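Novice: One structure follows; several queries about it will come next.
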Amino acid sequence: MTMRTATVTRNTLETQITVSLNLDGTGHSHFDTGVPFLDHMLDQIARHGLIDIEIVAKGDLHIDAHHTVEDIGITFGQAFAKAIGDKKGIRRYGHAYVPLDEALSRVVIDLSGRPGLQYHIDFTRAAIGGFDVDLFSEFFHGFVNHSMVTLHIDNLRGVNSHHQAETVFKAFGRALRMAVEFDERMAGVTPSTKGTLTA
Ligand SMILES: [Mn+2]
């Protein structure tokens, strides 16, 4: 099988980012973003999505992490769209519930070719270890708008905000894994009655 890989570099005056992905990987990851809590969350995507992910980012962290987190979402989305290709033979839909102690999240994804985000997380704290939780929404908006997927994220319950975030990213990884997997009964077939998921 040919591995579905992509590397995208995106440079702006605010950030310089390179993302490399292998959707058919084993969860190997390397992150150098300067934002440790984001690295911890990206690691969940790799591990639970069985996606190899390498991200090197240099951003204007002297201002704050906003541009870096948003632009990593955008570049990750661009790399995902490039790696997934024509979507023939894949499952297309993916979903997962993931608990962590008292927290529970559900993520549902459709590799629809249309960007859409439903984002429902009521974080119990404004920051986790200095990381502004508002930025998760920026990350997922960036991802969705450039990967052209429909994504429903619900944190169903949770008290500890680290747990809330971690269950969301683990469920996102699990849902991605399911959606990108090949369904042998769909071999060579685009999983849409419209005949395309890219237009
Ligand atoms: Mn953790």
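So the sequence shown is numbered by full-length UniProt numbering: it starts at 1 and just counts up by one.
We treat Cβ as the ideally placed atom computed from N, Cα and C, and that holds for glycine.
Keep in mind it's a predicted model, so treat the numbers as computed, not measured.
#1: Under a three-way DSSP split, which group does Asn160 fall into?
#2: Give me the Cα-Cα distance between Gly34 and Lys58, rounded to the nearest whole angstrom.
#3: Quick one: does the C-beta of Glu102 sit closer than 8 Å to a heavy atom of ligand 1?
#4: Rounded to the nearest angstrom, how far is the Cβ of His141 from that of Leu117, given a contact under 8 Å?
#5: When burial is assigned at 16 or more other CB atoms within 10 Å of the CB, is Ile72 buried or exposed?
#6: Within 10 angstroms of the Cβ of His62, are there 16 or more other Cβ atoms? Answer buried if so, exposed if not.
#7: Output the residue ranges of the beta strand (DSSP E) runs that lie fully inside the stretch 95-119 and measure 3 residues or longer, sorted by chain position.
#8: Is His95 a contact residue of ligand 1, with contact defined as CB to any heavy atom under 8 Å?
#9: What's the C-alpha gap between His162 and Ile128?
#10: Indicate the three-state DSSP secondary structure (helix, strand or coil) for Ala65 in the structure shown.
#11: I think Ser29 touches Asp43, with their Cβ atoms under 8 Å apart; what is that distance to the nearest whole Å?
#12: Could you check if Ala187 is buried or exposed, using at least 16 other CB atoms within 10 Å of its CB as the buried criterion?
#13: Assuming contact is defined by CB atoms lying nearer than 9 Å, are Ile109 and His95 in contact in what I supplied?
#14: Using 9 Å as the threshold, is the C-beta distance between Ala65 and Leu135 below it?
#15: Alpha carbon to alpha carbon, how far is Gly77 from Ile17? Give it in angstroms, no decimals.
Specialist: Taking the coordinates as given:
#1: Here residue 160 refers to the residue found at position 160 when the sequence shown is read from its first residue. Coil.
#2: Mapped onto the sequence shown, residue 34 falls at position 34. Mapped onto the sequence shown, residue 58 falls at position 58. Computed Cα separation, rounded: 7 Å.
#3: On the sequence shown, residue 102 is found 102 positions in, with the first residue counted as 1. Checking the Cβ of Glu102 against ligand 1 gives no.
#4: On the sequence shown, residue 141 is found 141 positions in, with the first residue counted as 1. On the sequence shown, residue 117 is found 117 positions in, with the first residue counted as 1. The distance from the Cβ of His141 to that of Leu117 is about 6 Å, consistent with a contact at the 8 Å cut-off.
#5: For the purposes of this step, residue 72 is taken as residue 72 along the sequence shown, with counting starting at 1. Per the 10 Å Cβ criterion, buried.
#6: On the sequence shown, residue 62 is found 62 positions in, with the first residue counted as 1. Looking at its Cβ environment, which holds fewer than 16 other Cβ atoms inside 10 Å, His62 is exposed.
#7: Counting only runs of 3 or more, we get 103-110.
#8: Indexing the sequence shown from 1 puts residue 95 at position 95. No, since every heavy atom of ligand 1 falls outside the 8 Å radius drawn around the Cβ of His95.
#9: Walking along the sequence shown from the start, residue 162 turns up at place 162. Walking along the sequence shown from the start, residue 128 turns up at place 128. Distance between His162 and Ile128, taken at the CA atoms: about 6 Å.
#10: Taking the sequence shown and counting its residues from 1, one reaches residue 65 at position 65. Here Ala65 sits in coil by DSSP.
#11: The sequence position of residue 29 within the sequence shown is 29, counting from 1. The sequence position of residue 43 within the sequence shown is 43, counting from 1. That belief holds up - the Cβ atoms of Ser29 and Asp43 are roughly 6 Å apart, short of 8 Å.
#12: As a first step, residue 187 is located in the sequence shown; it is residue number 187 there, counting from the start. Classification for Ala187: exposed.
#13: In the sequence shown, residue 109 corresponds to position 109, counting from 1. In the sequence shown, residue 95 corresponds to position 95, counting from 1. Yes, the pair counts as a contact, with Cβ atoms nearer than the cut-off.
#14: The residue you call residue 65 lines up with position 65 of the sequence shown. The residue you call residue 135 lines up with position 135 of the sequence shown. Yes, these two residues count as a Cβ contact at 9 Å.
#15: On the sequence shown, position 17 is the one that residue 17 refers to. On the sequence shown, position 77 is the one that residue 77 refers to. Straight-line Cα distance between these residues: approximately 12 Å.
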